[in-house]
Amino acid sequence: MPAPTPPQPPHGTSWRSLMDIAFGEACRAQDKGEAPIGAALFSSTGELIAKAHNQPISLNDPTGHAEVLCLRKAALAMGNYRLTDTIMTVTLEPCLMCTGALIHARVSGVVFAARDERAGALVSNLDGAALPFANHRMWTVEGVMFEECSALLKRFFLMRRK
1 MPAPTPPQPP
11 HGTSWRSLMD
21 IAFGEACRAQ
31 DKGEAPIGAA
41 LFSSTGELIA
51 KAHNQPISLN
61 DPTGHAEVLC
71 LRKAALAMGN
81 YRLTDTIMTV
91 TLEPCLMCTG
101 ALIHARVSGV
111 VFAARDERAG
121 ALVSNLDGAA
131 LPFANHRMWT
141 VEGVMFEECS
151 ALLKRFFLMR
161 RK
């Protein structure tokens, strides 16, 4: 079964306005010396439920990716581990671990800025949104705020290599 077709952004919003929240979180991660990746989870009506940024280094947690931390916060806020009728925005294509978490949480769709050619598991290396054995399908939108998010990541890793 193929992944669902993406809907229009929630009324009164744009994918860019929702991604801007994730971008702010990515900047917070960079300020802490973490890879600048941010995520935000919204209801299908555009209400912000939770936001988070990468923290695997500061938390000493290999699962401390922005998406996972955001899902944890949202599950607490909603009082349920099933996060149906929600939309995640994230500044970098989710990895395999995060894609699995999004599937298990039953997130409706993912909007991401930049592909991760090395570890991306939604479109780059795997069609994670339409895995034949998964019991949930989610839609994806890519490229929202691509330039800004890509530039932030490139600058961060250039500075780290110096």
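Residue numbering for the sequence shown is 1 to 162, as defined by full-length UniProt numbering.
All C-beta atoms, glycine included, are put in the ideal place defined by N, C-alpha and C.
Can you look up residue i in the DSSP assignment and give me helix, strand or coil?
{"i": "residue 133", "result": "coil"}
{"i": "residue 63", "result": "coil"}
{"i": "residue 37", "result": "coil"}
{"i": "residue 88", "result": "strand"}
{"i": "residue 32", "result": "coil"}
{"i": "residue 117", "result": "coil"}
{"i": "residue 109", "result": "strand"}
{"i": "residue 13", "result": "coil"}
{"i": "residue 5", "result": "coil"}
{"i": "residue 141", "result": "strand"}
{"i": "residue 126", "result": "coil"}
{"i": "residue 44", "result": "coil"}
What residues in its chain sit with their C-beta under 6 Å from that of residue i, if we drop five residues either side in the sequence?
{"i": "residue 74", "result": "41, 49, 50 and 83"}
{"i": "residue 105", "result": "71 and 83"}
{"i": "residue 46", "result": "10 and 13"}
{"i": "residue 21", "result": "40 and 51"}
Under 8 Å between C-beta atoms, does residue i make it to chain D?
{"i": "residue 111", "result": "Annotation note: the requested chain D is absent from the structure, which comprises a single protein chain."}
State yes or no: is the C-beta of residue i within less than 8 Å of the C-beta of residue j?
{"i": "residue 91", "j": "residue 37", "result": "yes"}
{"i": "residue 63", "j": "residue 110", "result": "no"}
{"i": "residue 95", "j": "residue 116", "result": "yes"}
{"i": "residue 93", "j": "residue 120", "result": "yes"}
{"i": "residue 137", "j": "residue 9", "result": "no"}
{"i": "residue 145", "j": "residue 28", "result": "no"}
{"i": "residue 30", "j": "residue 152", "result": "yes"}
Contact check, residue i vs residue j under 8 Å by CB: the rounded distance?
{"i": "residue 35", "j": "residue 156", "result": "7 Å"}
{"i": "residue 122", "j": "residue 99", "result": "6 Å"}
Please report the straight-line C-alpha distance between residue i and residue j, rounded to a whole angstrom.
{"i": "residue 69", "j": "residue 54", "result": "8 Å"}
{"i": "residue 143", "j": "residue 60", "result": "30 Å"}
{"i": "residue 113", "j": "residue 43", "result": "19 Å"}
{"i": "residue 26", "j": "residue 133", "result": "32 Å"}
{"i": "residue 162", "j": "residue 86", "result": "40 Å"}
{"i": "residue 125", "j": "residue 97", "result": "13 Å"}
{"i": "residue 23", "j": "residue 39", "result": "8 Å"}
{"i": "residue 76", "j": "residue 154", "result": "33 Å"}
Leaving out the 5 sequence neighbours to the left and right, which residues in its chain are closer than 7 Å to residue i when beta-carbon positions are compared?
{"i": "residue 78", "result": "49"}
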